[in-house]
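For what it's worth, the working numbering labels the leading residue of the sequence shown as 89, then goes sequentially. All C-beta atoms in this analysis are idealised placements derived from N, C-alpha and C, irrespective of residue type, glycine included. Reviewing the structure listed below.
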Amino acid sequence: MTDIAIKVENLSKCYHIYDNPRDRLKQFVAPRLQKLFRQTPRQYFRESWAIKDISLKDMSSAAQFNSPVASKAASELLFWVRRLPDEIGLRIYTLTATAVAWTGYTWLLKTGKGFADVL
């Protein structure tokens with residue numbers, strides 16, 4: 089039995105770039121109507137490929153990952169090796185982020201009249 093941790097073949101990601109918002113609506117409606125009337129569907133977008141046909145070798149879970157990440161903790165986070173996250177650290181991070189967000193929100197409410205032009 090092989091214990092494969094990562095195996096990726098022919099991975100691709102394409103984004104549709106529209107010139108204006110109406111083209112997004114046209115792309116949603118027009119091809120369906122064109123197929124209904126047996127016409128060749130037209131594309132209202134340009135394709136922008138972020139990744140095209142990327143493949144990674146099979147890596148066993150015991151393999152050493154040669155990542156550009158300097159620290160071991162960040163490397164383990166990048167390649168999650170069947171471990172649950174640190175619960176105490178996650179709670180501290182959540183409480184800190186909530187306190188910072190709440191402080192910023194209350195400050196915005198107090199000084200909100202000065203932000204009317206920005207928002």
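> In three-state DSSP terms, what is ASP107?
Replying inline: coil
> Does DSSP put ARG120 in a helix, in a strand, or in coil?
Replying inline: helix
>> Spatial neighbours of ILE62 within its chain, please: C-beta separation below 8 Å, excluding the five flanking residues on both sides.
In response: Shown here, the chain extends from 89 to 207; a query on residue 62 therefore has no answer.
>> Measuring only the C-alpha atoms, how far is SER136 from THR182?
In response: 36 Å
> Roughly how many angstroms separate the alpha carbons of GLN127 and GLY177, rounded to a whole number?
Replying inline: 58 Å
> With distances taken between CB atoms, is the gap from PRO109 to PRO119 smaller than 8 Å?
Replying inline: no
> Which residues share a DSSP beta bridge with VAL96?
Replying inline: LEU144
>> Give me, in chain order, the residues of the same chain whose beta-carbon lies closer than 6 Å to that of ILE142; leave out the 5 immediate sequence neighbours on both sides.
In response: LEU99
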